[in-house]
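What follows is a set of notes on a single structure, which appears directly below.
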Amino acid sequence: MTLTSSYTCTRCRREFDFDNIKYDSNNKLICVECLDKQQKIEKKEKLHLEKAGEGEPVNFICVSCRFKFSIKKGSQKDAKCPYCSKTKLMLVKKYKDEDDLIKDASDPRFDY
Ligand SMILES: [Zn+2]
Ligand SMILES: [Zn+2]
229 MTLTSSYTCT RCRREFDFDN IKYDSNNKLI CVECLDKQQK IEKKEKLHLE
279 KAGEGEPVNF ICVSCRFKFS IKKGSQKDAK CPYCSKTKLM LVKKYKDEDD
329 LIKDASDPRF DY
């Protein structure tokens with residue numbers, strides 16, 4: 229005789245014994261099957277995100293001469309203005325006008 233307590237998976241609503249149920253990152257009971265599926269999806273999404281960011285041009289504006297240019301994502305660490313060779317650059321964000329950009333100039337994150 230075995231005493232088995234069963235746990236209900238919050239995903240598939242099926243019942244599992246202790247060995248086949250885990251807690252996911254949100255502290256929810258999830259069966260190993262669903263957890264496996266979930267992890268695969270997360271991996272896929274991560275891969276997709278990394279791929280999407282690859283070689284994607286990022287727009288910058290030079291703080292010194294206001295020259296606008298774009299560089300490929302990932303190479304922005306050693307980016308410098310092609311016009312005056314200064315390395316103080318600002319990211320050009322979408323849907324923002326230049327007044328906002330000037331405010332962003334004091335943000336140390338853009339002080340490459
Ligand atoms: Zn499940
Ligand atoms: Zn410049």
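Count along the sequence shown starting at 1, add 228, and that's the number in this note's numbering.
A virtual CB, placed ideally from N, CA and C, is assigned to each residue, including glycine.
Residue burial classification, residue i (beta-carbon count within 10 angstroms, cutoff 16)
i: Lys-324; result: For Lys-324, the predicted structure reports a pLDDT of 49, less than 50, and the residue's modelled location is therefore unreliable. The matter cannot be settled from this model.
i: Cys-262; result: buried
i: Val-291; result: buried
i: Cys-293; result: exposed
i: Cys-259; result: buried
i: Ser-233; result: exposed
i: Cys-237; result: buried
Extent of the continuous beta strand (DSSP E) run through residue i
i: Ser-234; result: 234-236
i: Cys-290; result: 285-290
i: Phe-297; result: 296-300
C-beta atoms of residue i and residue j nearer than 8 Å
i: Met-318; j: Phe-288; result: yes
i: Leu-257; j: Ile-269; result: no
i: Pro-285; j: Lys-300; result: yes
i: Thr-315; j: Lys-308; result: yes
i: Gln-266; j: Asp-252; result: yes
One or two residues paired with residue i in a DSSP bridge
i: Leu-258; result: Per the sequence shown, residue 258 should be read as Ile rather than Leu. Note: Ile-258 sits in a beta bridge opposite Lys-250.
i: Asp-245; result: Ser-234
i: Leu-275; result: The partner list for Leu-275 (beta bridge, DSSP) is empty, contrary to what the question assumes.
i: Leu-263; result: Looking at the DSSP assignment, Leu-263 forms no beta bridge with any residue, so it has no partner.
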